[in-house]
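**Q** Sharing a structure here in structure tokens format.
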Amino acid sequence: MKKIKKRRKKNRAKGIFLILLLLIATTASFFYFYLLSFSEGKSEKSPPVISKSGDPVNILIMGVDIGGIESDNEPKRTDTIILMNYNPKNKKINIVSIPRDTRVVINNNWQKINNAHAIDGVNGLINSVENLLKVNINYYAKLNFKGFRSLVDSVGGIDMEIAQNMYYDDASQNLHINFKKGEKVHLDGKKAEEFFRWRKNNDGTGLAEGDLGRIKNQHLFIEKFIAKVKSPSTIARLPIMLSTLPKYVETNMEPNDMVKYAYNFLRVEKSDMQIRTLKGEAKYIGKISYFIYDENGNRDIISMFRGGTSESSYNINEEDIKVEILNGTNVNGLAATIGKKMKAKGFSNVSVGNTNQSKESKIIASGLDKKTLKSISKELGIKNVENSSLRDRGRFVKVIIGEDFKK
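Going by UniProt numbering, the sequence shown opens with residue 1, and the numbers climb by one from there.
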């Protein structure tokens, strides 16, 4: 009798081991094909800004407008903008939400930051965030409305306690939100989208802080989602989750980097992860409601996105920047002279040439922080500086020498 029981225990142990082995093998297979599908369908619109091994990385996460299901190909505003920083040295993650009404300059006009993607695509939003916060963005991930639902469904949904009544209907988007204060609900993908988007009720009541209040609700959801992803119960769903991502997520991250960072993120303790919102104030300017970013009030937060450095020491490697000097005057050799000056300052990738006659000197740049641009502007004595949305060209500086240039 004892031998039979021992045999049963051994068989049961073998059975559990085989199930785990099968699960690992299946997950590995899914993960392999997942990476292949990401490599094949990956957008090349915005090349990554490669960081040195062990350096912190910044990842911009954007959720495009959920409305307009019938017009998937039309340019869309960003409904959610999140910047995430991972520091491998202290194994900490910092997440900051950027309000969609944040006032920024887009193509020389003051606009809300959520218009940047609709106007200039991913590159436009990356440049807007970099210029606003004076940080470099290494990678981005863009998720559409279908992907959000599928991602939540792939982990089995999220349990959420409702803190306030949520009643809202929008027939044009087939959106009907109906949550009662105090109830605990299980949010599948569709319900999660409703919770994530809600800001006010049909009668005008709702969150006193408007979009900032909506962001607080989103943070509650994000915390629960991360906890669910890291829970043992989600391991069996990992193949489903991985097979979902390539269909709906656009990113410039290489497959091997995805594996590395995903593994590291899952190992970060809850106490080492902070989720916050940019500090500022809501303000009407010209009858338009904006969120005004408070640069001084955000210094501690933003310093973390610079690897813990101060604004005065923040810089990028000049050797990685392409510099093009174009002579728009009748003075021969002027571009070459300025090119030598730039090389002396550490810019090794410098090319020179001629361009059409130009009265005004100009600096056009992409992927550079304001401090570096200011330094170049001061060095050359050119005050006219523009930020380009041509992110696909990487980090570059184009200097057009005009007739107003002073040697």
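Ideal Cβ placement from N, Cα and C applies to all residues, glycine included.
In this text the structure is predicted, and so the values were computed from the model without any measurement.
Give the secondary structure of residue 415 by DSSP, where H, G and I count as helix, E and B as strand, and everything else as coil.
**A** Only positions 1 to 407 of the chain appear in this structure, which leaves residue 415 out of reach.
**Q** Give the straight-line distance between the Cα atoms of I106 and A116, rounded to the nearest whole angstrom.
**A** Start at 1 with the first residue of the sequence shown, and residue 106 comes out as number 106. Start at 1 with the first residue of the sequence shown, and residue 116 comes out as number 116. If you take the alpha carbons of I106 and A116, they lie about 7 Å apart.
**Q** Give me the Cβ distance between I95 and I275, rounded to the nearest whole Å; I'm assuming they're in contact under 8 Å.
**A** In the sequence shown, residue 95 corresponds to position 95, counting from 1. In the sequence shown, residue 275 corresponds to position 275, counting from 1. That belief holds up - the Cβ atoms of I95 and I275 are roughly 5 Å apart, short of 8 Å.
**Q** In chain order, what residues of the same chain have a beta carbon less than 7 Å from the beta carbon of F30, not counting five sequence neighbours either side?
**A** For the purposes of this step, residue 30 is taken as residue 30 along the sequence shown, with counting starting at 1. Model confidence at F30 stands at a pLDDT of 46, short of 50, so the residue's coordinates are unreliable and nothing is read from them.
**Q** Where DSSP assigns a beta bridge to K109, which residues make up the other side?
**A** As a position in the sequence shown, residue 109 is number 109, starting the count at 1. Contrary to the premise, residue 109 reads as Asn rather than Lys in this sequence. DSSP lists I106 as partners of N109.
**Q** Mind checking who M166 pairs with in its DSSP beta bridge?
**A** Residue 166 sits at position 166 when you count from the first residue of the sequence shown. Answer is F179.
**Q** Using CA atoms only, rank isn't needed, just tell me which of G189, L212, N217 is closest to R149.
**A** Within the sequence shown, numbered from 1, the residue matching residue 149 stands at position 149. Nearest option by C-alpha distance: G189.
**Q** Taking only three categories from DSSP, how would you classify S361?
**A** Locating residue 361 in the sequence shown gives position 361, where the first residue counts as 1. Looking at S361 - three-state DSSP - the assignment turns out to be coil, as it is neither helix nor strand.
**Q** Below 8 Å between beta carbons: does that hold for V155 and T234?
**A** One-based indexing of the sequence shown puts residue 155 at position 155. One-based indexing of the sequence shown puts residue 234 at position 234. Yes, the Cβ-Cβ distance between V155 and T234 is below 8 Å.
**Q** DSSP state of G280, grouped into three classes?
**A** Here residue 280 refers to the residue found at position 280 when the sequence shown is read from its first residue. In the structure shown, G280 sits in a strand (DSSP, three-state: E or B).
**Q** Report the rounded CA-to-CA distance for V331 versus G339, giving the unit in angstroms.
**A** As a position in the sequence shown, residue 331 is number 331, starting the count at 1. As a position in the sequence shown, residue 339 is number 339, starting the count at 1. Roughly 15 Å separates the two Cα atoms.
**Q** If I'm right that E403 touches T355 with Cβ under 8 Å, what's the distance once you round it to whole angstroms?
**A** Position 403 of the sequence shown, counting from 1, holds the residue named residue 403. Position 355 of the sequence shown, counting from 1, holds the residue named residue 355. With a Cβ gap of about 12 Å, E403 and T355 do not count as contacting.
**Q** Could you pull out every residue in the same chain whose Cβ sits closer than 6 Å to the Cβ of F405, ignoring the five residues on either side in sequence?
**A** Within the sequence shown, numbered from 1, the residue matching residue 405 stands at position 405. S361.
**Q** So with Cβ pairs under 8 Å, would you call E281 a contact of chain D?
**A** Of the protein chains in this structure there is only one, and it is not chain D.
**Q** For V104, count neighbouring C-beta atoms within 10 Å of its own C-beta (all shown protein chains included) and say buried if the count is 16 or more, exposed if not.
**A** For the purposes of this step, residue 104 is identified with residue 104 of the sequence shown, where counting begins at 1. Its Cβ being crowded by 16 or more others within 10 Å, V104 is buried.
**Q** For I177 and Y168, which I take to be in contact (beta-carbon distance under 8 Å), what is that distance rounded to the nearest angstrom?
**A** As a working note, residue 177 is residue 177 in the sequence shown. As a working note, residue 168 is residue 168 in the sequence shown. About 4 Å separates the two Cβ atoms, so the contact holds.
**Q** Helix, strand or coil: which one does DSSP assign to L143?
**A** Position 143 of the sequence shown holds residue 143. L143: strand per DSSP, three-state reduction.
**Q** How about K370 and K134: do their beta carbons lie closer than 8 Å?
**A** Reading the sequence shown from its first residue, position 370 is the one you call residue 370. Reading the sequence shown from its first residue, position 134 is the one you call residue 134. Yes, Cβ-Cβ distance for K370 and K134 is below 8 Å.
**Q** Does DSSP put V352 in a helix, in a strand, or in coil?
**A** Mapped onto the sequence shown, residue 352 falls at position 352. Here V352 sits in strand by DSSP.
**Q** Does DSSP put K189 in a helix, in a strand, or in coil?
**A** Start at 1 with the first residue of the sequence shown, and residue 189 comes out as number 189. In the sequence on display, residue 189 carries Gly and not Lys. Helix at G189.
**Q** Consult DSSP for T234 and reduce its assignment to one of helix, strand or coil.
**A** Looking up residue 234 in the sequence shown gives position 234. The answer is helix: DSSP assigns T234 an H, G or I state.
**Q** Is the separation between the beta-carbon of I61 and that of I82 shorter than 8 Å?
**A** Numbered from 1 along the sequence shown, position 61 holds the residue referred to as residue 61. Numbered from 1 along the sequence shown, position 82 holds the residue referred to as residue 82. For I61 and I82, yes; Cβs fall inside 8 Å.
**Q** CA-CA distance, G147 and E250?
**A** As a first step, residue 147 must be located in the sequence shown, where it is residue number 147. As a first step, residue 250 must be located in the sequence shown, where it is residue number 250. Whole-angstrom Cα-Cα distance: 10 Å.
**Q** According to DSSP, is I338 part of a helix, a strand, or is it coil?
**A** Here residue 338 is taken as the residue at index 338 of the sequence shown, counted from 1. I338: helix per DSSP, three-state reduction.
**Q** Please list, in chain order, all residues of the same chain as R100 whose beta carbon is under 7 Å from its beta carbon, the five residues on each side excluded.
**A** Counted from its first residue, the sequence shown places residue 100 at position 100. So the list reads T78, D79, I81, K112, I113, N114, D211, once near-sequence residues are dropped.
**Q** With a CB to CB cut of under 6 Å and the five nearest residues on each side skipped, what residues in its chain are close to E194?
**A** Residue mapping note: residue 194 aligns to position 194 of the sequence shown, counting from 1. Result list for E194: I177, in chain order.
**Q** By DSSP, does I98 sit in helix, in strand, or in coil?
**A** Here residue 98 refers to the residue found at position 98 of the sequence shown. The answer is coil: DSSP assigns I98 none of H, G, I, E or B.
**Q** Per DSSP, what are the beta-bridge partners of M84 in this structure?
**A** Position 84 of the sequence shown holds residue 84. Its beta-bridge partners are I59, I95.
**Q** Does D300 come out as helix, strand or coil in the three-state DSSP assignment?
**A** Within the sequence shown, numbered from 1, the residue matching residue 300 stands at position 300. Reduced to three states, the DSSP call for D300 is helix.
**Q** Leaving aside the five residues before and after V352 along the sequence, list all residues of the same chain whose C-beta is less than 7 Å from its C-beta, in chain order.
**A** On the sequence shown, residue 352 is found 352 positions in, with the first residue counted as 1. The residues are I325, A335, A336, G339.
**Q** Going by the CB atoms, is the gap between L125 and Y293 shorter than 8 Å?
**A** Stepping through the sequence shown from its first residue, residue 293 is reached at position 293. Stepping through the sequence shown from its first residue, residue 125 is reached at position 125. Their beta carbons are not under 8 Å apart, which means Y293 does not touch L125 by this criterion.
**Q** Let me know if V57 comes out buried or exposed under the rule of 16 or more other beta-carbons within 10 Å of its beta-carbon.
**A** Position 57 of the sequence shown, counting from 1, holds the residue named residue 57. Buried: at least 16 other Cβ atoms inside 10 Å.
**Q** Taking L366 and N127 to be in contact with their CB atoms under 8 Å, please state how far apart those CB atoms are, rounded to whole angstroms.
**A** In the sequence shown, the residue the question calls residue 366 occupies position 366. In the sequence shown, the residue the question calls residue 127 occupies position 127. Just to set this straight, residue 366 is Ser in the shown sequence, not Leu. Confirmed, Cβ separation roughly 7 Å.
**Q** Determine the contact status of V129 and I158, defining contact as a CB-CB distance below 8 Å.
**A** For the purposes of this step, residue 129 is taken as the residue at position 129 of the sequence shown. For the purposes of this step, residue 158 is taken as the residue at position 158 of the sequence shown. Their beta carbons are not under 8 Å apart, which means V129 does not touch I158 by this criterion.
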